[in-house]
Amino acid sequence: MGVDAAIIAGKALFLMLAFVLQVMALGVWFERKVSAVIQDRIGANRASIFGVAAMGIVNTLVADPIKFLLKEDVTPANVDHLLHAMAPVLSLVPALLAFAVIPFGDVLQVGDRVINLQPASLNVGLLYVLAMASLSVYGVVLAGWASNNRWSLLGGIRGSAQMISYEIAMGLALIGTVVVYNTLDLQEMARAQGHLLWGWLPAWGILYQPVAFVIFMTAGVAESKRIPFDLPESESELVAGYFTEYSGAKHLMFMMSDFVEVVLVSALVTVLFFGGWQVPWLFRDGFHLPGAAFVAVPSLLVTILQLTAFGLKLIFFTWLQIVIRWTLPRFRYDQLMRLGWQGLLPLALANVVVTALVVLLLERAA
Amino acid sequence: MGATPTSWYLVLSAILFAIGAAGVLVRRNLIVIFMAIELCLNAVNLTFVALARSLGSVDGQVIVFFVMTVAAAEAAVGLAIIIALVRTRETTNADEVATLRW
Amino acid sequence: MVTDVSWLRWIVIFPALGTLFHVFVGGRAKGAVKLVGPGVLLAAFAVAVAAAMRVHGMEEGGALRDALYTWIVAGPLRVEAAFRVDALSMVMTLIVTGIGFLIHVYSVGYMHDDPGFARFFAYLNLFITAMLILVLADNLLLLFVGWEGVGLCSYLLIGFWYQDEKNAIAGKKAFLVNRVGDAGFLLGLFCLVAYTGTLEIQAIEHQHLDTLRTAMLGGWPVAVVIGLLLFVGATGKSAQIPLYVWLPDAMAGPTPVSALIHAATMVTAGVYMMTRLHFVYEVAPAALAVVAWVGAATALGAAIIGVAQTDIKKVLAYSTVSQLGYMVLGIGVGVAPAAIFHVVTHAFFKGLLFLGAGSVIHAMGGEQDMRKMGGLHAHLPTTFATMLIGTLAIAGVPPLAGFFSKDEIVWGAFAGPHAQPILGIVAYAAAFLTAFYMGRMLFMTFFGTCRASHEVQHHLHESPSSMTTPLIVLAILSVFGGFLPIPHLVETVVGHHAEEGAPYSMLLLATGIAVGGLVLAWVLYVRQPELPGLFAEDFGQFYQLVFDKFRVDELYDAVIVGPLFALADFIAFRFDPGVVDGAVNGTGFVVAETSSIWRRAQTGNVQHYALSFLLGALALVWYLARS
Amino acid sequence: MNPVAFLVLAALTIAAALTVVLHRNPVHSALGLVSTLFLLSVQFVGLDAEMVAVLQIIVYAGAVVVLFLFVIMLLNLQIEVRRTGGPVLVGVAGSAAVALAALIVRSVAGRPATGAVEVPAGFGSATALGERLFTAYLVPFELTSLLLLVAVIGAVVLAKKKA
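Protein chains in written order, with the numbering used here: chain A, 343 to 708; chain B, 50 to 151; chain C, 39 to 665; chain D, 3 to 165.
See below:
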């Protein structure tokens with residue numbers, strides 16, 4: 343029992359340290375540098391340690407956090423102190439908890455112990471992720487309410503409506519993938535994408551559920567409340583929306599949860615649609631290339647390759663979201679709602695129906 | 050350390066239900082009354098789930114599924130009514146909505 | 039002994055289908071109605087004949103039974119919807135379908151130009167359906183269904199030309215008077231259920247007869263009470279004193295209806311029912327005596343009234359009442375087979391006479407008053423010939439049908455199991471009067487000079503063949519019907535009674551009475567037509583009384599109808615506005631006055647309602663958790 | 003579930019439930035409700051009802067209560083000056099609720115403690131629930147969808163601003 347618990351804790355810690363925080367930090371850095379490139383400027387480059395600015399990494403990952411943490415934590419007068427303090431925590435924690443069921447690798451063989459590289463194996467894994475995602479709305483709502491500020495309140499209301507609306511499309515999009523994989527466990531889903539179609543094409547989810555991918559990606563961006571869906575915080579209208587009245591570490595937590603959600607969406611997209619930790623043609627015993635070529639690879643190396651693949655995919659989709667953010671303009675509120683309810687929702691429903699029909703017909707045929 | 054007896058769950062459920070019922074009866078704010086109703090429903094859900102476990106039948110959980118659906122529908126309609134009420138009466142207090150007509 | 043079959047139902051289903059056809063299709067397809075109306079009767083007749091062959095082929099007392107389904111199960115009471123054909127119901131079924139077919143054919147011609155042609159046949163088929171249910175029923179409840187069904191059809195057909203209020207009133211009268219009888223019938227059924235727990239005729243006969251004999255109800259043996267109550271039903275349906283008053287008025291309906299329902303079939307239902315339940319009466323001699331006296335009184339009284347009637351159909355109507363009295367008398371003196379025999383022969387010759395009268399009325403352009411007829415034999419030869427046969431048959435001239443059946447009843451009065459010779463003398467008197475008024479009718483209609491207007495005379499014509507053919511068939515039956523072995527057949531059901539045939543002296547006496555009556559009529563209405571007027575003057579008051587039918591209707595109006603109307607007026611204009619409306623208004627008043635108190639309970643606050651809800655739930659939980 | 007864990011959870015649940023009913027601020031009440039629901043969801047996991055537990059969070063915590071909060075904010079409800087009805091109502095209702103709980107507890111306590119039966123693996127999973135839902139409870143399930151449709155339409159009609 344002790345060993346098992348240690349392993350679980352280890353897996354969670356590894357996931358957090360190796361992927362979530364790294365990618366998140368990378369995301370912060372990306373955010374600054376990529377936006378600078380897009381806007382034809384230099385970006386963060388001031389802070390340096392012994393003259394090493396490391397392309398702004400020092401600035402974004404060392405100087406900025408320190409500054410955030412050391413700033414005065416201002417709490418406005420006449421606010422609900424308890425809720426005001428709770429809101430950022432409620433925003434960050436569910437997003438982090440959602441990672442508990444994300445598989446970041448297949449298995450790790452240590453001696454005769456086979457470790458499943460997924461912190462928690464739940465038979466309702468995907469629903470668990472949705473549950474956590476739906477909880478993160480509380481941070482927004484409570485922050486908006488507790489700040490005793492009109493901009494905050496408006497942001498909170500917008501946030502709650504937006505997140506509830508897009509959750510539906512998101513969940514419905516996932517139903518299509520569940521029907522295809524016939525499981526709710528994310529690790530099982532990742533493994534199901536391991537075979538090859540016609541002997542050469544990796545059977546990744548994007549091939550089966552392209553529509554679901556588009557819907558999920560869109561809804562995911564909306565869930566993380568980033569441009570073009572950043573109406574809850576839209577700085578040109580509501581100052582900073584629901585976290586207008588936050589400063590210091592609490593503000594940092596909101597910023598972090600923002601990026602954690604980006605990483606979460608990337609992780610889910612990776613697992614659901616892009617093979618998760620799968621490396622094309624790499625199986626437990628080595629590469630089975632098209633044309634019956636075979637290259638044997640040691641088990642440990644396979645695991646490392648898979649971890650690397652997962653990380654790269656994660657980074658790619660994080661980068662993709664940042665590019666989206668810095669490319670598109672913000673929606674109007676009515677456009678946002680119309681897209682969610684009249685665009686994505688019917689599309690997702692149609693996707694479910696078509697998927698179910700096809701699966702049914704194929705089962706009949708088989 | 051054995052498993053918790055089913056009756057403990059039932060007792061917890063009864064207490065929660067009573068709290069919810071009291072809330073429905075004494076609070077003035079319609080939204081809080083609604084929340085208390087949800088509390089009652091959840092107390093009953095606990096009973097269903099506990100008995101489903103002790104009887105070894107999933108049917109109890111299926112009922113919970115239905116209860117949730119009904120609760121969601123009820124919340125949607127109920128909150129819409131409250132919004133309409135505030136528009137016309139500018140109150141959310143149960144004792145100020147006693148004319149039994151619109 | 040009893041064979042179960044599943045095709046008897048078709049006897050009933052065919053006319054029922056006919057009804058549906060007439061109702062839903064008939065209005066747009068008169069040509070089809072002409073075929074379907076009689077056609078379904080022919081089909082039913084064919085099935086009935088098949089049933090008769092089967093029963094005939096069986097040993098004595100055999101029967102066919104067709105159980106459709108279990109109709110009612112209420113505690114120990116269990117009623118099946120089942121049909122049964124034994125010798126008795128076989129005779130009745132053949133009469134109903136056979137005579138019914140002839141009259142349907144006749145109606146095709148008679149009602150040809152009537153706008154309600156399809157409706158008429160719908161009613162007629164429905165009547166046949168109900169009548170067949172009545173005679174085929176294996177239990178008294180199903181019999182009662184048919185009993186009520188024929189009553190309904192009778193009402194509908196009497197008031198067929200309802201645009202004339204007189205007809206509608208006649209129909210209403212028939213229905214209401216029958217209700218009185220039906221009430222008695224129902225009470226009889228209740229008593230039967232109460233004491234025997236069943237309504238199955240066979241079960242009562244074979245298992246519960248001792249109960250009926252020994253049990254007492256209000257100081258009387260139950261059998262007597264039940265017998266009298268059922269007889270009340272029979273007096274209504276079979277037009278006996280005191281409930282006969284509806285039948286003469288029922289002549290308001292189309293003449294084929296009078297022939298079919300109010301002469302040949304429906305009115306014999308009471309006789310049939312009492313024959314069916316002969317075993318009840320056998321253990322209730324007291325009831326039987328009442329039956330005999332009522333029958334004899336009806337036979338004589340109606341005959342006397344018949345003498346003074348001028349409407350040709352009224353004469354026949356009172357004649358029918360009188361003949362029904364004969365049948366009931368036959369039951370009363372214990373010769374039920376003879377009564378059924380008379381039912382059959384009466385169906386022949388009275389059906390014939392009514393149809394003939396219809397032919398006359400048809401020819402006269404709707405005129406029914408005999409004082410405006412006369413000398414018609416030249417214009418209506420076939421009608422005259424057949425009606426002559428009918429008259430001779432009803433008068434009891436041998437060897438025609440009426441002679442045999444009537445003679446058996448009269449002889450039963452003298453020598454039957456429950457003989458009452460004085461009633462035999464009454465019967466002879468009635469027979470004489472019968473011969474007299476029938477002769478009177480015949481002579482006034484067909485002899486002498488025509489008293490009708492020139493226009494009517496100009497249009498006189500013989501009826502079409504669809505009307506005369508049934509007349510001829512019925513005339514043949516009236517001639518030879520007396521040789522049918524009906525009494526023997528019925529005896530296989532009701533049991534034998536050792537009795538000798540009537541002595542020749544009595545046969546001679548009967549013949550003499552019949553001929554005497556006819557001769558007297560001939561003298562009074564052909565040879566010396568001025569005499570009746572003189573008689574009428576000499577017996578002024580008595581003649582007027584007879585002419586006014588003993589003023590029984592007036593008596594009923596004064597004693598029963600008047601008080602009832604007064605009571606209804608009281609209820610409608612005093613009791614209802616005062617007490618009923620008063621109670622309603624009073625309730626409203628009390629509510630209105632006290633509601634200022636009660637309405638405090640209705641705070642409108644949803645939580646107060648929820649609180650009472652919770653308290654109720656609390657009480658419920660407490661109640662359930664007591665143990 | 004471990005009795006100690008149960009007792010701790012139960013105590014927290016009751017505390018959260020009391021917050022719902024007693025707190026003056028509707029937002030705190032809503033938070034109490036979420037906490038109750040969340041804790042009950044943990045209880046459900048302990049009772050081998052994972053699917054129900056997750057649904058509880060998604061539907062209740064993720065949607066229903068958010069809806070409550072949304073409306074509270076939309077209407078900008080303030081802390082109530084007087085949160086309950088009259089003292090008589092409070093007294094009667096309170097004692098009735100307590101009596102109800104006492105009655106149920108008494109009747110439950112009289113029963114022999116039924117130990118949990120062994121349940122097969124996959125008890126309470128989406129598969130097990132779905133199988134029942136789409137076979138034995140198919141008609142109610144479809145009717146439920148109708149109910150939701152009606153509720154959606156009703157809510158839209160009711161909450162729509164009068165033109």
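C-beta atoms are modelled at their ideal positions from N, C-alpha and C, and glycine is treated no differently.
Pull up the CB-CB distance for residue i and residue j, whole angstroms please, since I reckon it's below 8 Å.
i	j	result
D/ALA7	D/SER37	Actually they are not in contact, since the Cβ atoms of D/ALA7 and D/SER37 sit about 17 Å apart, beyond 8 Å.
D/LEU91	C/GLN640	No, D/LEU91 and C/GLN640 are not in contact; Cβ-Cβ is about 16 Å, not under 8 Å.
A/LEU464	A/ASP527	7 Å
C/VAL345	C/VAL584	7 Å
C/THR424	C/GLY394	6 Å
A/TRP623	A/LEU631	5 Å
Go ahead and pull the three-state DSSP assignment for residue i.
i	result
D/ALA101	helix
A/ALA462	coil
C/GLU243	helix
C/VAL117	strand
D/GLN58	helix
B/ASN78	strand
B/GLY105	coil
A/THR586	coil
A/PHE441	helix
C/ALA514	Looking at the sequence itself, residue 514 of chain C is Ile, so the reference to Ala does not match. Correct three-state label for C/ILE514: helix.
C/ARG122	strand
C/ALA101	strand
Quick check on the burial criterion: 16 or more other C-beta atoms within 10 angstroms. Buried or exposed for residue i?
i	result
B/GLY69	buried
C/MET289	buried
C/PRO292	buried
C/ASN643	buried
A/VAL696	exposed
A/VAL483	buried
A/TRP542	exposed
A/ASP415	exposed
C/THR41	exposed
With distances taken from CA atoms, which of the options is nearest residue i?
i	options	result
C/ALA70	C/ILE609, C/PHE159, C/ILE133 and C/MET39	C/PHE159
A/ILE548	A/PRO570, A/ALA405 and A/ALA515	A/ALA515
C/ILE427	C/GLY440, C/ASN163 and C/HIS417	C/GLY440
C/LEU338	C/THR358, C/ALA322 and C/PRO323	C/THR358
A/VAL370	A/MET598, A/LEU610, A/THR697 and A/MET679	A/MET598
A/PRO418	A/PHE658, A/GLU587 and A/TRP540	A/GLU587
C/ALA88	C/VAL63, C/ARG47, C/PRO615 and C/VAL61	C/ARG47
A/VAL581	A/ARG533, A/SER494 and A/GLN620	A/SER494
C/PHE62	C/PRO615, C/LEU132 and C/TYR161	C/TYR161
C/MET254	C/THR234, C/PHE603, C/GLN240 and C/GLY95	C/THR234
Spell out a yes or no on whether the segment 97-108 of chain C and the segment 75-85 of chain C are touching, meaning 3 or more CB-CB pairs, one atom from each, closer than 8 Å.
-> Judged by Cβ distances under 8 Å, the segment 97-108 of chain C makes no contact with the segment 75-85 of chain C, as fewer than three pairs qualify.
Inspect the CB distances between the segment 64-79 of chain B and the segment 545-565 of chain A and report whether three or more fall short of 8 Å.
-> In short, these stretches do not touch, since the Cβ pair count stays below three.
Is the segment 472-489 of chain A in contact with the segment 59-70 of chain D, if contact means three or more CB pairs nearer than 8 Å?
-> Contact holds: three or more Cβ-Cβ distances are below 8 Å.
At least three beta-carbon pairs within less than 8 Å, the segment 499-506 of chain C to the segment 410-420 of chain C = The way I'd put it, the segment 499-506 of chain C does touch the segment 410-420 of chain C; three or more beta-carbon pairs between them come closer than 8 Å.
Does the segment 372-383 of chain C touch the segment 398-405 of chain C, meaning 3 or more C-beta pairs lie closer than 8 Å?
-> Under the three-pair Cβ rule at 8 Å, the segment 398-405 of chain C does not count as touching the segment 372-383 of chain C.
Using 8 Å as the Cβ pair cut-off and three pairs as the minimum, do the segment 619-630 of chain C and the segment 66-74 of chain D touch?
-> With the cut-off at 8 Å, the segment 619-630 of chain C and the segment 66-74 of chain D do not touch.
Three-pair Cβ contact test at 8 Å for the segment 272-288 of chain C versus the segment 145-154 of chain C | Between the segment 272-288 of chain C and the segment 145-154 of chain C, the count of Cβ pairs shorter than 8 Å is below three; the stretches do not touch.
Spell out a yes or no on whether the segment 261-270 of chain C and the segment 326-337 of chain C are touching, meaning 3 or more CB-CB pairs, one atom from each, closer than 8 Å.
-> They touch, by the three-pair rule.
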